[in-house]
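In my numbering, the protein residues as written are 21 to 172. Yeah, the Cβ is synthetic: ideal placement off N, Cα and C, and Gly gets one too. Predicted model, so just to flag it, every value in this text is computed and none were measured. Here the structure is laid out as structure tokens; the discussion comes afterwards.
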């Protein structure tokens with residue numbers, strides 16, 4: 021257990037359906053344990069991979085596309101609002117990192133549990149466990165829970 025005496029659960033949140041499932045599980049567990057949730061949303065911008073795009077809507081309006089950082093901040097704010105609505109103490113961190121797994125492991129150094137979805141937004145939908153979950157399972161400094169999608 022952490023030095024604060026409260027059970028700390030680190031949750032990786034990227035806005036994917038699996039990360040929503042992980043967040044739900046972590047919030048339920050935090051309520052049962054009287055714990056707190058630490059939400060981590062990592063974003064990266066490969067060199068020259070994103071430029072502000074100006075788009076025209078169907079109504080003829082001109083809008084600017086959000087940056088990866090703005091998207092991550094919006095996702096984080098929504099997740100924190102969900103935790104607040106559930107009555108769970110939560111903090112959040114938006115991290116600029118080329119390795120979401122490293123960002124999660126750094127945040128988990130003093131945590132009791134890391135919770136992530138089995139897959140995120142990665143490009144290989146056939147995988148049962150994504151690259152971030154695999155790295156967390158292998159290298160996390162505390163116990164890990166991988167939340168799989170619910171069967172239909």
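Look at the alpha carbon of residue i and the alpha carbon of residue j, and state the distance between them as a whole number of angstroms.
i, j, result
"residue 162", "residue 32", "14 Å"
"residue 54", "residue 39", "22 Å"
"residue 110", "residue 26", "12 Å"
"residue 153", "residue 166", "7 Å"
"residue 126", "residue 164", "14 Å"
"residue 51", "residue 58", "14 Å"
Cβ of residue i within 9 Å of Cβ of residue j?
i, j, result
"residue 60", "residue 113", "yes"
"residue 89", "residue 65", "yes"
"residue 175", "residue 119", "Past the edges of the chain, shown from 21 to 172, lies residue 175, and the structure says nothing about it."
"residue 160", "residue 124", "yes"
Out of the options, state which residue places its alpha-carbon closest to the alpha-carbon of residue i.
i, options, result
"residue 121", "135, 110 and 49", "135"
"residue 36", "96, 158, 111 and 49", "96"
"residue 30", "56, 48 and 52", "56"
"residue 155", "169, 137 and 170", "137"
"residue 5", "150, 108, 157 and 82", "In the structure as shown, the chain begins at 21 and stops at 172. Residue 5 is therefore absent and cannot be evaluated."
On the CB-based measure, 16 or more other CB atoms within 10 Å of its CB, does residue i come out buried or exposed?
i, result
"residue 172", "With a pLDDT of 46 at residue 172, under the threshold of 50, the modelled position of that residue is not reliable, and the figure given next carries that caveat. Residue 172 is exposed by the Cβ-count criterion."
"residue 47", "buried"
### Message
When you compare the stretch 118-137 with the stretch 95-103, are there three or more beta-carbon pairs, one atom per stretch, that lie closer than 8 Å?
### Response
no
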